[in-house]
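Q: Under the working numbering, the first residue of the sequence shown carries the number 8, and numbering increases by one thereafter. Positions of the beta carbon are idealized from the N, C-alpha and C atoms, including for glycine.
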Amino acid sequence: MKQFAEVMLGVGLLGGVPPAIAAEWESVTQNVVGDRFLIDQSSIQRKADAVFYWEYREFPQPNNAFLEESVDKPVHGVVLNWSANCTSKTQRLRQITAYDKERKVIKRFSYGENGALFQPRAGSSASTVLNYVCDR
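1) Quick check on DSSP: helix, strand or coil for Leu1?
2) Output the boundary residues of the beta strand (DSSP E) element that contains Ser34.
3) Please state the DSSP three-state secondary structure of Ser117.
4) Alpha carbon to alpha carbon, how far is Thr161 from Val136?
5) For the segment 49 to 67 and the segment 78 to 91, state whether three or more C-beta atom pairs, one from each stretch, are separated by less than 8 Å.
6) Going by alpha carbons, who is nearest to Ser34 out of Arg64, Thr104, Arg128, Ala55?
7) Using the Cα positions of Leu45 and Asp142, report the straight-line distance between them to the nearest angstrom.
8) Only counting the same chain, and skipping five residues up and downstream in sequence, which positions put a Cβ closer than 7 Å to that of Gly119?
9) Tell me whether Gln68 is buried or exposed, calling it buried when 16 or more other Cβ atoms sit within 10 Å of its Cβ.
10) Hey, Ile103 and Lys80 are a contact pair by Cβ (cut 8 Å); roughly how many whole angstroms apart?
11) Does the Cβ-Cβ distance between Phe66 and Val78 come in under 8 Å?
12) Please classify Asp56 as buried or exposed, where buried requires at least 16 other C-beta atoms within 10 Å of its C-beta.
13) Quick one: residues in its chain with C-beta nearer than 6 Å to the C-beta of Gly130, no 5 flanking neighbours on either side, listed in chain order?
14) Write down the C-beta distance between Val140 and Ala72 rounded to the nearest angstrom, noting that I regard them as a contact closer than 8 Å.
Rendered as structure tokens:
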């Protein structure tokens with residue numbers, strides 16, 4: 008995990024986060040196909056009714072279907088920036104960066120306030136992550 012955090016900071020995946028703030032990735036859950044879901048503990052911030060945080064999803068098998076737009080390389084990981092409403096259990100995707108197997112950037116997407124709004128299905132990995140963040 009330390010190596011992953013160093014790679015993340017080294018290539019500037021968290022764009023806009025000062026280097027002094029080291030990522031503190033913690034594994035939250037893993038689904039039946041082996042996808043891992045991690046949260047950067049140091050990124051969790053509450054602002055009014057919203058919680059903002061960074062999530063990393065690691066895919067052992069390519070998961071290009073995860074992206075709304077097609078890309079030329081197999082996607083093996085994504086770093087997501089979310090805002091969440093813990094009362095309504097919804098989350099808005101604000102930013103996403105897709106990576107290949109060697110963790111090289113394939114493409115970045117920035118949505119801001121126009122990002123898709125999701126309400127994860129109860130019991131899903133995404134719901135587990137949302138509950139984890141809301142409980143912090």
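A: With the structure as the only source:
1) A query on residue 1 cannot be resolved here, the shown segment of the chain reaching from 8 to 143 and no further.
2) Boundaries of the beta strand (DSSP E) harbouring Ser34: 32 to 37, taken from the DSSP string.
3) Reduced to three states, the DSSP call for Ser117 is strand.
4) The structure shown does not extend to residue 161, since the chain spans only 8 to 143, so no value can be given for it.
5) yes
6) Arg64
7) 15 Å
8) Excluding sequence neighbours, Gly119 sits near Arg101.
9) exposed
10) With a Cβ gap of about 15 Å, Ile103 and Lys80 do not count as contacting.
11) No; because the gap between Cβ atoms is not below 8 Å, this pair is not in contact.
12) exposed
13) none
14) The C-beta separation of Val140 from Ala72 comes to about 24 Å, leaving the pair out of contact by the 8 Å criterion.
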